[in-house]
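Q: As they're listed, the protein sequences go chains C and H. Using UniProt numbering, the first residue of the first sequence is number 1, and each one after it goes up by one. Using UniProt numbering, the first residue of the second sequence is number 1, and each one after it goes up by one.
Number of protein chains: 2
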Amino acid sequence: MLQLTLSADSPTPLVDQIVTAVRTRIDDRILRPGARLPPIRQFAEHHGVSRFTVVEAYDRLVAVGYLQSRRGSGFYVASRAQPARAIGGADAIERAIDASWLMREMANGDPERILAGSGSLPAAWLDEAGVLRALRGLTRRADVRPVSYGSAQGYAPLRAQLQVRLAEIGIGATPEQIVLTYGVHQALDIVCRYFLKPGDCVLVDDPGYWNLFGNLRLYGVALMGVPRTPDGPDTAALEAILAEHQPRLFFTHSVLHNPTACNLSPAVAFRVLQLAEKHDFMIVEDDIYGDLAPDAATRLAGLDQLNRVIYTSSFSKTISGNLRVGFLACRPDLAHLFTDVKIVSMMSSAELAEQLVHQLLTDGHYRKLLDRLKGRLAESTGQALRMLERVGLKPEPEPRGGPFVWARVPGLTDTAELARRATRDNILLAPGNVFRPQNQPSGFLRLNVGFCAEPRLERFLAAAVADET
Amino acid sequence: MLQLTLSADSPTPLVDQIVTAVRTRIDDRILRPGARLPPIRQFAEHHGVSRFTVVEAYDRLVAVGYLQSRRGSGFYVASRAQPARAIGGADAIERAIDASWLMREMANGDPERILAGSGSLPAAWLDEAGVLRALRGLTRRADVRPVSYGSAQGYAPLRAQLQVRLAEIGIGATPEQIVLTYGVHQALDIVCRYFLKPGDCVLVDDPGYWNLFGNLRLYGVALMGVPRTPDGPDTAALEAILAEHQPRLFFTHSVLHNPTACNLSPAVAFRVLQLAEKHDFMIVEDDIYGDLAPDAATRLAGLDQLNRVIYTSSFSKTISGNLRVGFLACRPDLAHLFTDVKIVSMMSSAELAEQLVHQLLTDGHYRKLLDRLKGRLAESTGQALRMLERVGLKPEPEPRGGPFVWARVPGLTDTAELARRATRDNILLAPGNVFRPQNQPSGFLRLNVGFCAEPRLERFLAAAVADET
C-alpha cells in the first residue's frame with residue numbers, strides 16, 4: 001500500500017492531497033511507469049477516506065497524464081509520465097470549488113441570494129398557478145389512482161403524446177420506444193447502469209453538464225472531454241481521442257448546450273455520427289433545454305433516428321423540477337432493457353406526476369408557456385448581454401437562446417476564487433471549472449440571464465473585472 | 001471465446017441454454033477447474049444476448065457450485081466441480097417463471113384478475129379519498145413550491161417527523177441521519193451504488209425480496225442466500241457461509257418478512273449483529289411492512305442504533321405506491337455520502353410528494369389508517385387461513401401479521417408451472433422460486449390475504465392440490 005499521510009483537518013481538500021502526493025511520487029520515480037495503484041476501495045479503506053475522493057483523485061491524475069486506466073483492471077502509472085496538460089500549477093490543484101459545492105450552494109434558500117449560477121429559470125417565470133390548477137383537476141378525475149403503484153415503462157398516454165412531440169422535431173419513435181424516467185438524471189443513470197463498467201472510457205462535452213460527471217465518476221469510468229466549438233463537438237479533437245481510445249458512450253447536448261448556449265450544426269452532427277459508426281460507440285443526446293430553442297435546431301437523433309443515438313429530455317426546466325418527469329427514446333430492444341433496469345432500481349413510475357404533465361401537454365397550456373418563456377428569455381438575454389458589455393465580460397460564443405451566457409472574465413484563467421468571493425456577497429456564480437470533466441481551471445463563468453437584472457450583481461462583476469485588469 | 005450455439009427462438013430461455021451448455025462443458029472437462037469464463041460483456045456481445053442474461057446464467061452456475069466468482073477478476077470454473085445442490089434436474093433449469101415475469105404480470109390491469117400474488121394491499125383498503133383531500137390541501141398552501149426543484153436530502157419537516165417515528169420503535173436518528181428516497185427501491189439502490197462492485201459477495205434472505213435480487217444481479221455481485229427460519233436468518237447457515245466468504249452487505253427483512261410473514265427474534269438479532277461485527281459486514285434492514293405489525297417487534301437497528309445497520313422503509317404499502325416516498329436512516333457520515341449519490345443519480349427529491357406524506361403523518365390520518373389496515377389484515381388472514389385449510393395448503397410458518405401467507409403445496413417441489421397455469425385462469429400467483437436468490441425451485445406459494453376471498457381462487461387451488469395428491 002502507498003504510504004501517504006492525509007489530513008482531514010487540512011484546508012487542502014483530501015482529493016488535492018492525494019493528487020499531489022501521488023504526483024510527487026511519480027515525479028520522484030518512487031512510483032515507476034507501469035506500477036499498479038492500489039484498488040480504489042482498498043485505498044479508501046486504508047486511508048479512511050471515501051471512495052468518491054479516491055475516484056476523483058485517480059480521475060484527475062488520468063486527465064493530467066500521470067495515470068492510465070485499464071479496462072476492468074485498475075489504474076497504472078502512465079508509461080510516459082508527461083507534464084500536466086490541463087491542470088496548471090499547485091495553486092490550481094488546491095482549489096476547492098467543485099460540483100457538489102455548486103449543488104449545495106444552489107440549495108441555499110435565502111431569498112436575497114442572486115442565483116446567477118443557477119441551472120433553472122426563475123420559478124416566478126414558470127406557471128405555478130397552472131400546475132396547481134392541473135393538480136386540483138387531477139384530484140377530480142376517475143382515472144387517477146393516487147394510491148396504486150404506477151406502471152413500469154410509464155403512463156401510456158404520456159408516451160403516446162411524446163411520440164407526437166418527437167415527430168415534430170423529426171424524431172420517429174413509437175410509444176414502445178419511450179421510457180418515462182424521474183427526470184433526465186434517472187434517464188442518464190439507467191443508460192450508465194446498462195452500458196458501463198469500471199474502467200470503461202466515456203466521452204463527454206468539455207465544458208459540459210457537471211452533475212453527469214459526478215455520476216460517471218461514481219461508476220469508475222474514465223472521462224474524456226471532447227472540446228466544444230460553437231458548432232458542436234470539435235470533431236478533429238474527437239478523432240484524435242478515438243485514435244487512442246475505444247469509448248462506450250458519448251454524452252452530449254446538441255441544442256442550447258449547457259453551459260455554452262450554442263447549437264450543433266448539421267455538418268458537425270453528420271461527422272459525429274460517422275465517427276460513432278466507424279468507432280462503434282453509442283451517443284446519449286440530452287435535449288433538456290431543446291423546447292426553449294427560439295429556432296429550428298439540429299439533433300443527432302433527428303438524423304440517426306434512434307439507431308446509435310439514445311435521446312433524453314424532461315420537463316424539469318419548463319413545467320417543474322419538482323415533479324421529476326423525464327424520458328428516454330431509443331431502439332425498441334433498448335427500451336425493453338432500460339425498463340428492466342428501471343424496475344429493479346426504482347420499481348415503477350410516479351404516475352400521478354406523469355398524468356399531470358400529460359394534462360399540461362394536451363390542454364394547450366404547454367405551448368403557450370413555451371412561447372412566454374422564449375419571449376422572456378430573448379428579452380432577458382438582451383439585457384444581460386448589455387450588462388456584461390458594460391462590466392467588460394465577453395460572451396463566447398454568442399448565445400443562441402436558452403437561459404445561459406458563457407462569459408470569459410478578462411485576466412482570469414480560473415474563476416473558482418471569484419465564485420467563492422461572490423458567495424460572501426450572497427451571489428451564486430457558476431465558475432467554469434465545475435463544467436469541465438476533470439474540474440480543470442477555466443476563465444469562464446456560466447451566467448443565467450433570468451437572474452442578471454439585479455444591480456448588485458452588476459456592481460460585483462464590474463468590481464471583479466476592474467480588480468483583474 | 002466459448003463456442004456455444006444459442007437460439008433466441010427456442011422455447012428454452014437463453015439463460016437456461018447458457019447454464020446447460022456451460023455445465024456440460026465442465027462435466028465433460030472441456031472447461032477445466034481454474035479456467036476463466038469470458039467476461040460478461042464479451043460473452044454477451046459475442047453471442048448477441050443481453051448482459052442480464054449472461055449475469056443470471058453465471059450467477060446460477062455459482063449457486064450450483066460449477067463456477068466461482070473472484071472479486072474484481074471474473075468467473076472461474078470451480079476447483080471441485082460438485083453435483084448441483086440447489087437446482088435439481090434439467091426440468092428445473094428449463095422453468096421460465098422469474099422475477100420480471102411476476103412484475104409484468106402484476107402490471108396487468110384487468111379488473112377481473114385475482115391478484116393473489118401481489119405484494120401490495122388492495123388499493124380499496126388504502127385511503128384514496130384521504131390522499132386526494134391532502135393533495136387538494138397542498139395546492140392551497142403557501143409553502144408548497146410545485147415548480148421548483150426539491151432539496152437534495154429531502155423535505156426537512158418530513159425528516160424531523162421520521163425522527164419521532166423512529167424513536168417510537170427504539171431507533172435513535174437525527175434528521176441529519178435520514179435521507180428521503182424514491183421508495184425503498186432507490187434507498188437499496190443508493191446503498192448498492194455506494195458499497196458494491198462487480199464480484200463482491202452479498203448476503204440475502206432465502207427466500208427474500210425478489211426485485212432486490214434483480215438489481216444486485218445487475219451490479220454483477222454474487223448472491224448468497226441465508227436460509228430463513230421462523231425466528232429470522234438461520235445463524236448456523238450464516239456462520240457456515242462466513243467461514244468461506246467475506247460479504248460486504250447483508251440485506252434482510254426483520255419484521256413481517258417478505259415472503260414468510262415471520263418476525264426476527266431478539267436472540268437471533270443479537271447473534272446476527274455479533275457475526276456482522278466479527279466478519280465486518282454492514283446490514284441493510286428493510287422495514288417496509290413494519291408499520292403493519294400487530295405487535296411490538298425486534299429490529300436490528302433498534303439493538304445496533306445504526307452503527308452497522310442501515311435502516312430503510314417507505315410509505316408505499318400504507319399510504320401510496322404512486323408517490324414514491326421512502327427513506328434511509330444511517331450513520332451521519334453515510335447519510336452525507338448517500339445524499340451525494342442521490343444528487344448525482346437523481347438530482348433531488350420530488351418535494352411535493354414528501355410534503356403530502358408529511359401532511360398525512362402529522363394530521364393524525366396515518367395512525368387511524370394503520371389501525372384500520374391492521375384490523376382488516378387480521379380478519380382477512382383468519383379467512384385466508386381457513387380457506388387454505390379447506391383446500392389443503394399448509395402455511396409454514398404461521399404468519400405473524402401483514403399481507404402474506406407462505407404456503408406449501410403438498411406434492412409439489414416447484415410451483416412455477418402451477419403459477420403459469422393460474423394465469424390462464426386469470427389468477428396471479430407468486431411461485432416460491434421467484435423469492436429465491438438463484439431462482440431455485442420451491443414448493444411454496446406466497447399468497448396475499450387481501451385477495452384470497454374470491455371463490456374462484458379457492459376452486460383453482462382446491463383443484464390444483466387434488467391434481468397433485
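The beta-carbon is built from N, C-alpha and C at its ideal position, and this holds for glycine as well.
Between H:ASP340, H:CYS452, H:PRO266, which has its C-alpha nearest ALA152 (chain H)'s C-alpha?
A: Numbered from its first residue, the second sequence carries residue 152 (chain H) at position 152. When only C-alpha atoms are compared, the closest one is H:ASP340.
Q: DSSP three-state call for ASP371 (chain H): helix, strand or coil?
A: In the second sequence, counting from the first residue as 1, residue 371 (chain H) sits at position 371. It is helical.
Q: Note the first and the last residue of the continuous beta strand (DSSP E) segment covering MET224 (chain C).
A: Along the first sequence, read from residue 1 onward, the residue named residue 224 (chain C) stands at position 224. 222-229 is the extent of the beta strand (DSSP E) around MET224 (chain C).
Q: Note down, one range per segment and in chain order, each beta strand (DSSP E) of at least 3 residues found wholly within the segment 121-166 of chain H.
A: The qualifying runs do not exist here; there are none.
Q: Given that a residue counts as buried once 16 or more other Cβ atoms are within 10 Å of its Cβ, and exposed if not, what is PRO410 (chain H)?
A: Translated into the one-based positions of the second sequence, residue 410 (chain H) becomes position 410. Classification of PRO410 (chain H): exposed, given that the 10 Å Cβ count is below 16.
Q: Got a sec: is the Cβ-Cβ distance from ALA96 (chain C) to anything in chain H below 8 Å?
A: Counting from 1 along the first sequence, the entry for residue 96 (chain C) is found at position 96. Its pLDDT being 32, under 50, ALA96 (chain C) is placed unreliably in this model, and the value from its coordinates should be taken loosely. With 8 Å as the cut-off, ALA96 (chain C) does not count as an interface residue toward chain H.
Q: Within 7 Å: the Cβ of GLY302 (chain H) and any heavy atom of the ligand PLP?
A: No copy of the ligand PLP occurs in the structure displayed, which carries no ligand at all.
Q: State yes or no: is the beta carbon of ARG324 (chain C) nearer than 8 Å to at least one beta carbon in chain H?
A: One-based indexing of the first sequence puts residue 324 (chain C) at position 324. Taking Cβ atoms only, chain H reaches closer than 8 Å to ARG324 (chain C), which makes this a yes.
Q: Should GLY290 (chain C) be labelled buried (16 or more other beta-carbon atoms within 10 Å of its own) or exposed?
A: Here residue 290 (chain C) is taken as the residue at index 290 of the first sequence, counted from 1. It is buried - the Cβ of GLY290 (chain C) has at least 16 other Cβ atoms within 10 Å.
Q: For the structure I just gave you, are there three or more beta carbon pairs, one from the segment 48-63 of chain C and one from the segment 426-434 of chain C, closer than 8 Å?
A: No contact exists between the segment 48-63 of chain C and the segment 426-434 of chain C.
Q: At 3 residues or longer, and completely inside the segment 261-345 of chain H: list those beta strand (DSSP E) runs for me, N to C.
A: Counting only runs of 3 or more, we get 282-286, 309-314, 326-329.
Q: Quick one: give me the first and last residue of the beta strand (DSSP E) that CYS201 (chain C) is part of.
A: In the first sequence, residue 201 (chain C) corresponds to position 201, counting from 1. First-last of the beta strand (DSSP E) with CYS201 (chain C): 201-206.
Q: Assess, as a yes-or-no matter, whether the segment 6-20 of chain H is touched by the segment 45-53 of chain H under the definition of 3 or more beta carbon pairs within less than 8 Å.
A: Cβ pair count under 8 Å is three or more, so yes.
Q: Measuring alpha carbon to alpha carbon, tell me which of C:THR181, C:VAL202, C:ASP206 ends up nearest GLU244 (chain C).
A: Taking the first residue of the first sequence as 1, we reach residue 244 (chain C) at position 244. The candidate whose alpha carbon is nearest that of GLU244 (chain C) is C:VAL202.
Q: Using a Cβ cut-off of 8 Å, pull out every chain H residue sitting near GLY34 (chain C), in sequence order please.
A: Taking the first residue of the first sequence as position 1, residue 34 (chain C) is located at position 34. In chain order: nothing, as chain H lies at least about 19 Å away.
Q: Is the CB of LYS317 (chain C) under 8 Å away from at least one CB in chain H?
A: Taking the first residue of the first sequence as position 1, residue 317 (chain C) is located at position 317. Closer than 8 Å: no.
Q: Is there a C-beta anywhere in chain C that falls below 8 Å from the one on SER148 (chain H)?
A: Taking the second sequence and counting its residues from 1, one reaches residue 148 (chain H) at position 148. It does: the Cβ of SER148 (chain H) has a partner Cβ on chain C nearer than 8 Å.
Q: Give the C-beta separation of LEU445 (chain C) and ALA407 (chain C) to the nearest angstrom, bearing in mind that I take them to be a contact with Cβ-Cβ under 8 Å.
A: Taking the first residue of the first sequence as 1, we reach residue 445 (chain C) at position 445. Taking the first residue of the first sequence as 1, we reach residue 407 (chain C) at position 407. Sure, about 5 Å apart at Cβ, within 8 Å.
Q: Count Cβ pairs between the segment 209-222 of chain H and the segment 264-273 of chain H that sit closer than 8 Å; are there 3 or more?
A: Flag = no, the segment 209-222 of chain H and the segment 264-273 of chain H do not touch.
Q: Quick check: the segment 441-458 of chain H against the segment 360-375 of chain H, are at least 3 beta-carbon pairs closer than 8 Å?
A: Touching, no.
Q: Using a Cβ-Cβ cut-off of 8 Å, state whether ASN211 (chain C) counts as contacting chain H.
A: Here residue 211 (chain C) corresponds to residue number 211 of the first sequence, with the count starting at 1. At least one chain H Cβ lies under 8 Å of ASN211 (chain C).
Q: Whole angstroms is fine: what's the gap from ARG85 (chain C)'s alpha carbon to VAL77 (chain C)'s?
A: For the purposes of this step, residue 85 (chain C) is taken as residue 85 along the first sequence, with counting starting at 1. For the purposes of this step, residue 77 (chain C) is taken as residue 77 along the first sequence, with counting starting at 1. For ARG85 (chain C), the predicted model reports a pLDDT of 28, less than 50, meaning its position is unreliable and no value from the coordinates is stated.
Q: What is the DSSP secondary structure of GLN3 (chain C), reduced to helix, strand or coil?
A: Here residue 3 (chain C) refers to the residue found at position 3 of the first sequence. Residue state, collapsed to three classes: coil.
Q: Between ALA301 (chain C) and VAL309 (chain C), which are expected to be in contact by the criterion C-beta below 8 Å, what is the C-beta distance as a whole number of angstroms?
A: Mapped onto the first sequence, residue 301 (chain C) falls at position 301. Mapped onto the first sequence, residue 309 (chain C) falls at position 309. Yes, ALA301 (chain C) and VAL309 (chain C) are in contact; Cβ-Cβ is about 4 Å, under 8 Å.
Q: Using a C-beta to C-beta distance shorter than 8 Å, which residues of chain C count as neighbours of GLU128 (chain H)?
A: Within the second sequence, the letter at position 128 stands for residue 128 (chain H). Result: ARG145, PRO146, VAL147.
Q: For THR469 (chain H), name the three-state secondary structure that DSSP assigns.
A: Here residue 469 (chain H) refers to the residue found at position 469 when the second sequence is read from its first residue. Looking at THR469 (chain H) - three-state DSSP - the assignment turns out to be coil, as it is neither helix nor strand.
Q: Do you know how far the Cα of ALA384 (chain H) is from the Cα of GLU458 (chain H)?
A: Counted from its first residue, the second sequence places residue 458 (chain H) at position 458. Counted from its first residue, the second sequence places residue 384 (chain H) at position 384. Using only the alpha carbons, I get a separation of about 10 Å.
Q: Just the C-alpha distance for ALA63 (chain C) and PRO437 (chain C), rounded to the nearest angstrom, thanks.
A: As a first step, residue 63 (chain C) is located in the first sequence; it is residue number 63 there, counting from the start. As a first step, residue 437 (chain C) is located in the first sequence; it is residue number 437 there, counting from the start. Going by the C-alpha atoms only, they are around 9 Å apart.
Q: Give the DSSP bridge partners of HIS253 (chain C), in chain order.
A: As a first step, residue 253 (chain C) is located in the first sequence; it is residue number 253 there, counting from the start. Answer is C:ASP286.
Q: Flag this pair as touching only if the segment 318-325 of chain H and the segment 122-137 of chain H have three or more C-beta atom pairs under 8 Å; answer yes or no.
A: Because the criterion of three Cβ pairs below 8 Å is met, the segment 318-325 of chain H and the segment 122-137 of chain H touch.
Q: What residues from chain H crowd round PHE52 (chain C), counting only those whose CB sits closer than 8 Å?
A: As a working note, residue 52 (chain C) is residue 52 in the first sequence. Within 8 Å Cβ-Cβ: LEU337, ASP340.
Q: Residues of chain H with a CB under 9 Å from the CB of ASP287 (chain C): which are they?
A: Residue 287 (chain C) sits at position 287 when you count from the first residue of the first sequence. Result: empty, since nearest Cβ-Cβ is about 17 Å, beyond 9 Å.
Q: What residue range does the beta strand (DSSP E) around ASN448 (chain H) cover?
A: Residue 448 (chain H) sits at position 448 when you count from the first residue of the second sequence. Residues 444-448.
Q: Quick one: what does DSSP say GLN408 (chain H) is sitting in, helix, strand or coil?
A: Here residue 408 (chain H) corresponds to residue number 408 of the second sequence, with the count starting at 1. It should be noted that the sequence gives Arg, not Gln, for residue 408 (chain H). Strand at ARG408 (chain H).
Q: Could you list which residues in chain H have their beta carbon closer than 7 Å to that of THR139 (chain C), in chain order?
A: By one-based count along the first sequence, residue 139 (chain C) stands at place 139. Result: LEU132, LEU135, ARG136.
Q: Would GLN355 (chain H) and TYR155 (chain H) be called neighbours here (beta carbons separated by less than 8 Å)?
A: Position 355 of the second sequence, counting from 1, holds the residue named residue 355 (chain H). Position 155 of the second sequence, counting from 1, holds the residue named residue 155 (chain H). Yes, these two residues count as a Cβ contact at 8 Å.
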